[in-house]
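Quick note on my numbering: the sequence shown kicks off at 292 and runs consecutively.
The C-beta atom is built at its ideal place from N, Cα and C for all residues, glycine as well.
Bear in mind the structure is a predicted one, so any value in this text is a computation, not a measurement.
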Amino acid sequence: MTDQAVDSGGPADASRDQFFGRQRELKSLRADIERAGLDTIAGRKAPRARVLLIAGRPGSGRTALAEELAHRLAGDYPDGVLRTRLTEPGGRRVPMERAARGLLDSLEIASPPGAGEDELTEMVREALAVRRMLLFLDDAGDAEQVDPLLPDNPDCLAVAVAQGPLTGIPDVRPCTLGGMDAKSAIELLGTFTGSVRITVDPQAAETLAEECGGQPAALVLVGGWLAARPKTSVADVAKRLRALPDDGEQPRSVRPLARAFRLVYESLPPAAARILRLLALAPAGLADAHTASALAGCSVSAAQTTLNDFTALGLVHRSGHQYEVPGALAPLLRALLEAQDRPAEVQLARARMLERTVRQLHSCRAVTEPDGSPARKKLAGLPRALRFATAPAAAEWLRIRQPALLASARLAVEDGELDTLARRLVAALVRALAAHRGTEDAAPELYGLHQLVLGVAERRGLHREEAAALLNLADLDAQTGRTEEALARYRAALDAGRAANDPYATGRAMESVGGAYQELGDWQRAADWYGRALAQRQARGERADEARLYGRLATAHTYAGRYGDALRGWRAAGAGYRRLGDLPSQARALSEAARVQEYAGRPEESLHTCREAVEWARQAGDVRLQAALQLRLADTLDRIGDPASARLHRGTAGRLLGPEGTEGFSLRNP
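1) Sort Asp446, Ala322, Asp430 by Cα distance to Gly371 and report the nearest one.
2) Mapping the DSSP letters down to three states, classify Thr659 as helix, strand or coil.
3) Contact defined as beta carbons within less than 8 Å: I believe Leu428 pairs with Thr375. What is the distance between those atoms, to the nearest angstrom?
4) When you compare only the Cα positions, how much space is there between Leu673 and Gly481?
5) Which residues in the same chain as Ala391 place their Cβ atom closer than 6 Å to its Cβ, once the five residues preceding and following it in sequence are excluded?
6) Name the two residues that bound the continuous alpha helix (DSSP H) containing His727.
7) Taking buried to mean at least 16 other C-beta atoms within 10 Å of its own C-beta, is Gln910 buried or exposed?
8) Thinking C-beta only, is Asp836 closer than 8 Å to Arg843?
9) Using the C-alpha atoms, what's the distance from Pro507 back to Asp492?
10) What ranges does the alpha helix (DSSP H) occupy inside the region 529-608, keeping only unbroken runs of at least 4 residues that lie completely in it?
11) So, with DSSP's three-state summary, where would you put Pro465?
12) Ends of the beta strand (DSSP E) at Phe1036?
13) In whole angstroms, what separates the C-alpha of Ala784 from that of Trp516?
14) Residues in the same chain with beta-carbon distance under 7 Å from Leu329, minus the five sequence neighbours each way, listed in chain order, please.
15) Tell me the residue span of the alpha helix (DSSP H) that contains Tyr614.
16) Given that a residue counts as buried once 16 or more other Cβ atoms are within 10 Å of its Cβ, and exposed if not, what is Ile324?
17) Could you check what DSSP says for Ser610 in three-state terms: helix, strand or coil?
18) So, at 8 Å on beta carbons, what are the nonlocal neighbours of Arg625 in its own chain, with the 5 sequence-adjacent residues on each side left out?
19) For Thr774 versus Ala807, is the C-beta spacing smaller than 8 Å?
20) For Arg374, report the span of its beta strand (DSSP E) as first-last.
21) Only counting the same chain, and skipping five residues up and downstream in sequence, which positions put a Cβ closer than 8 Å to that of Ala908?
22) Decide if Ala496 is buried, meaning its Cβ has at least 16 other Cβ atoms within 10 Å, or exposed.
23) For Asp793, I'd like the list of residues in its chain whose CB is within less than 7 Å of its CB, leaving aside the five on either flank, ordered along the chain.
24) Take every Cβ of the region 342-357, pair it with every Cβ of the region 466-477, and state whether three or more of those distances are shorter than 8 Å.
25) From which residue to which residue does the alpha helix (DSSP H) around Ala434 run?
26) Determine the contact status of Leu548 and Ala509, defining contact as a CB-CB distance below 8 Å.
27) His899 to Arg834, Cα distance in whole Å?
28) Looking at the structure shown, is Gly949 part of a helix, part of a strand, or coil, going by DSSP?
29) Within 10 angstroms of the Cβ of His940, are there 16 or more other Cβ atoms? Answer buried if so, exposed if not.
30) Across which residues does DSSP place Leu343 in a beta bridge pair?
31) So who's on the other strand from Arg384, going by DSSP bridges?
32) What whole-angstrom Cβ distance do Glu379 and Gly605 have, given they're in contact under 8 Å?
33) Please classify Glu736: is it buried, with 16 or more other beta-carbons within 10 angstroms of its beta-carbon, or exposed?
34) Looking only at its chain, what residues have a beta carbon closer than 7 Å to the beta carbon of Leu720, apart from the 5 residues adjacent to it on each side?
35) Output the boundary residues of the alpha helix (DSSP H) element that contains Met414.
36) Alpha carbon to alpha carbon, how far is Leu767 from Glu660?
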């Protein structure tokens with residue numbers, strides 16, 4: 292919505308669906324698609340997608356022109372239009388990793404958590420290599436943001452929007468935007484003022500268009516101001532604009548928009564003007580009624596009314612329940628905020644916004660809990676405006692607000708002065724994402740959030756939180772096959788856990804280091820680290836973990852071919868589970884012991900141990916486990932040459948499982 296020349300958000304809704312002027316530019320851009328490039332002239336097929344560049348300052352209508360071009364070309368690209376924005380409204384460049392993930396999400400392609408920008412951009416290019424798509428890159432800072440995303444596919448087309456040339460990308464001719472022609476500018480004004488005020492004084496309308504420099508953003512602001520004052524003439528507002536002084540430090544091309552903004556801003560009531568300034572703090576330039584309410588310290592209903600008024604004036608753009616600060620206005624809002632609001636007040640407003648966001652996230656997660664749970668009881672005590680009626684409603688809010696929520700977390704951590712709130716916000720966002728999307732689906736976002744926690748913990752010397760963040764990141768690395776990276780993080784988590792004197796973190800880290808070495812096939816080191824973790828659990832009397840670690844240690848010994856050590860480990864695990872009263876786990880441990888005995892060439896002992904495991908499974912009442920163990924017995928009997936007994940045990944397993952049978956059934960999936 293940023294830089295839309297047409298999307299005024301004013302009362303004349305028809306303007307939303309109209310496009311004014313720029314016909315010469317559209318014709319030139321379409322002709323540029325067919326223009327022979329350097330490769331074609333040289334007799335070679337174009338190796339990459341063609342790039343069309345629309346260059347202009349924010350507020351020039353560059354994005355609106357790109358959208359109109361994409362709309363007109365959509366029929367030529369049957370796989371659709373793929374969009375991403377490369378600069379946030381506040382001027383912050385979007386990291387390439389984040390932009391690539393957004394494109395992959397739009398293509399419904401899962402991106403591995405923790406992957407670097409090279410891997411992700413390669414995935415984007417590979418996806419586009421087999422599609423015929425139009426790639427729309429809005430607000431690109433330079434060629435370094437555009438080039439990594441361009442596919443090696445001449446059947447695709449890239450339309451980039453930027454302030455200047457994309458030096459470094461060959462065969463790109465910018466379509467540079469100036470002001471709109473007078474006729475189109477007056478038509479745009481007329482969607483706000485109606486035809487009468489234009490008709491009675493066409494010369495004043497032309498003068499007003501000149502005062503706005505033909506800039507769509509300035510025309511929309513002035514048009515919204517006029518729409519709110521039906522008795523004010525076009526000539527009067529032209530005089531007002533002319534009387535406003537220019538800021539000599541601003542580039543000449545920016546001054547018409549700055550004067551139009553000042554005209555509108557100075558007409559606002561003080562409370563509304565303050566809310567508008569504080570919207571400069573909205574994460575990623577995105578706000579809703581709760582954001583504005585928290586920033587200003589007013590009611591949600593008052594904030595909603597004010598945001599609607601801003602939309603009518605063209606100060607913000609509305610998209611569903613969210614409002615976006617136009618990129619052209621963001622620098623002006625920041626300058627006003629710095630000039631008119633004390634730093635302490637600004638920081639208090641930011642803290643209120645973060646606190647409100649934390650409460651919304653708690654509510655978003657709590658609605659997924661069962662009725663009568665402590666979380667649901669706490670949810671019932673929240674103000675109605677902070678509660679979600681249903682889990683699907685909360686999930687939809689989370690989906691819509693996710694870009695702003697992630698940006699809020701990043702900004703809170705970068706701020707450095709609100710670390711307690713930042714940590715609470717990240718923790719609440721992690722829990723909400725996990726509750727609604729699951730940890731696997733939300734893994735890319737969770738990875739970034741754990742990195743933020745790690746940054747705060749390292750900055751503040753919070754070793755316990757540092758260890759937890761490192762463990763979470765390492766787990767995600769391990770799940771995506773980056774075992775070496777996971778191992779390094781597990782070791783760092785162990786150091787942090789020791790510094791915090793946190794036995795849980797150190798034990799968990801030691802066990803995970805062992806798991807990483809096992810994944811790498813280094814059985815000796817795996818067994819060594821499992822042994823260290825086991826010793827710690829024994830010292831603390833943590834019997835359940837002790838039994839589990841005996842099993843992991845035995846597994847490492849089995850892979851290493853040390854069957855005697857492995858057998859002792861599984862026997863110890865089984866004994867531990869027996870003391871805990873966990874009969875199914877005891878049966879599984881004995882089954883693994885039987886497997887080791889078979890590997891060691893002791894089939895009779897293996898049969899005896901497996902029968903013992905079957906008996907414990909029967910006592911536990913675990914029918915599926917019992918059936919799986921019967922099948923293992925049958926396999927062992929087959930191998931030692933007793934097919935008749937094997938058939939009997941398979942028949943028993945079949946009767947235990949009933950109609951579903953035993954096909955594809957094993958102990959590993961009982």
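Quick look at the numbers:
1) In the sequence shown, the residue the question calls residue 371 occupies position 80. Sorting Asp446, Ala322, Asp430 by C-alpha distance to the C-alpha of Gly371 places Asp446 at the top.
2) Here the question's residue 659 lines up with position 368 in the sequence shown. Note: Thr659 maps to coil in three-state DSSP.
3) Here residue 428 refers to the residue found at position 137 of the sequence shown. Here residue 375 refers to the residue found at position 84 of the sequence shown. Going by Cβ atoms, the distance from Leu428 to Thr375 rounds to 6 Å, so yes, they are a contact pair.
4) Within the sequence shown, the letter at position 382 stands for residue 673. Within the sequence shown, the letter at position 190 stands for residue 481. Computed Cα separation, rounded: 47 Å.
5) Here the question's residue 391 lines up with position 100 in the sequence shown. For Ala391, the CB contacts under 6 Å within the same chain, skipping 5 residues up- and downstream, are Leu411, Thr412, Val415 in chain order.
6) Mapped onto the sequence shown, residue 727 falls at position 436. From DSSP, the alpha helix (DSSP H) with His727 extends over 710-728.
7) Position 619 of the sequence shown, counting from 1, holds the residue named residue 910. Its Cβ having fewer than 16 others within 10 Å, Gln910 is exposed.
8) Numbered from 1 along the sequence shown, position 552 holds the residue referred to as residue 843. Numbered from 1 along the sequence shown, position 545 holds the residue referred to as residue 836. In this structure, Asp836 does not lie closer than 8 Å to Arg843 by Cβ.
9) Position 201 of the sequence shown holds residue 492. Position 216 of the sequence shown holds residue 507. Using only the alpha carbons, I get a separation of about 21 Å.
10) Counting only runs of 4 or more, we get 546-557, 561-569, 580-587, 591-604.
11) Position 174 of the sequence shown, counting from 1, holds the residue named residue 465. Strand.
12) Because the chain is modelled from 292 through 961, residue 1036 falls outside the range shown and cannot be assessed.
13) Within the sequence shown, the letter at position 493 stands for residue 784. Within the sequence shown, the letter at position 225 stands for residue 516. Their backbone Cα atoms lie some 58 Å apart in a straight line.
14) Indexing the sequence shown from 1 puts residue 329 at position 38. Confidence is the limiting factor: at Leu329 the pLDDT is only 47, short of 50, which leaves the residue's position unreliable and the question unanswerable from this model.
15) Indexing the sequence shown from 1 puts residue 614 at position 323. Judged by DSSP secondary structure, Tyr614 falls outside any alpha helix (DSSP H) and instead within the beta strand (DSSP E) spanning 613-615.
16) What you label residue 324 is simply residue 33 of the sequence shown in a count that begins at 1. Sixteen is the threshold: since fewer than 16 other Cβ atoms of the shown chains lie within 10 Å of the Cβ of Ile324, the residue is exposed.
17) Translated into positions along the sequence shown, residue 610 becomes position 319. When secondary structure is reduced to three states using DSSP, Ser610 falls in the strand class.
18) One-based indexing of the sequence shown puts residue 625 at position 334. The beta carbon of Arg625 lies closer than 8 Å to those of Gly381, Ala571 in the same chain, with the five residues before and after it left out.
19) Walking along the sequence shown from the start, residue 774 turns up at place 483. Walking along the sequence shown from the start, residue 807 turns up at place 516. Closer than 8 Å, so yes.
20) Here residue 374 refers to the residue found at position 83 when the sequence shown is read from its first residue. Taken as a continuous stretch (DSSP letters only), the beta strand (DSSP E) holding Arg374 covers 372-376.
21) Numbered from its first residue, the sequence shown carries residue 908 at position 617. Excluding five sequence positions before and after Ala908, the CB atoms of its chain that fall closer than 8 Å to its own CB belong to Leu874, Pro875, Ala878, Leu916, Gln917, Leu920, given in chain order.
22) Within the sequence shown, the letter at position 205 stands for residue 496. With a 10 Å radius around the Cβ and a threshold of 16 neighbouring Cβ atoms, Ala496 comes out buried.
23) Locating residue 793 in the sequence shown gives position 502, where the first residue counts as 1. Cβ neighbours of Asp793 beyond the five flanking positions: Arg755, Ala758.
24) A contact exists between the region 342-357 and the region 466-477.
25) Numbered from its first residue, the sequence shown carries residue 434 at position 143. Per DSSP, Ala434 belongs to the alpha helix (DSSP H) from 434-437.
26) Position 257 of the sequence shown, counted from the first residue, corresponds to residue 548. Position 218 of the sequence shown, counted from the first residue, corresponds to residue 509. Yes, they are a contact pair.
27) Counting from 1 along the sequence shown, the entry for residue 899 is found at position 608. Counting from 1 along the sequence shown, the entry for residue 834 is found at position 543. His899 and Arg834 have their C-alpha atoms roughly 27 Å apart.
28) If you number the sequence shown from 1, residue 949 lands on position 658. Gly949 falls in the helix class under three-state DSSP.
29) Taking the sequence shown and counting its residues from 1, the one referred to as residue 940 is at position 649. So His940 ends up on the buried side.
30) Your numbering for residue 343 matches position 52 in the sequence shown. DSSP, once it has assigned bridges, lists Val450 as partnering Leu343.
31) Your numbering for residue 384 matches position 93 in the sequence shown. The partner list for Arg384 (beta bridge, DSSP) reads Thr378.
32) Position 88 of the sequence shown, counting from 1, holds the residue named residue 379. Position 314 of the sequence shown, counting from 1, holds the residue named residue 605. With a beta-carbon spacing of about 20 Å, Glu379 and Gly605 fall beyond the 8 Å limit used to define contacts.
33) Numbered from its first residue, the sequence shown carries residue 736 at position 445. Here Glu736 is buried. Its C-beta has 16 or more other C-beta atoms within 10 Å.
34) Reading the sequence shown from its first residue, position 429 is the one you call residue 720. Counting only Cβ-Cβ distances below 7 Å, and skipping sequence neighbours, we find Leu652, Leu696, Ala700, Leu740.
35) Within the sequence shown, residue 414 is the residue found at index 123, counting from 1. According to the DSSP assignment, Met414 belongs to the alpha helix (DSSP H) that extends over 408-420.
36) For this step, residue 767 is matched to residue 476 along the sequence shown. For this step, residue 660 is matched to residue 369 along the sequence shown. Cα to Cα, Leu767 sits roughly 25 Å from Glu660.
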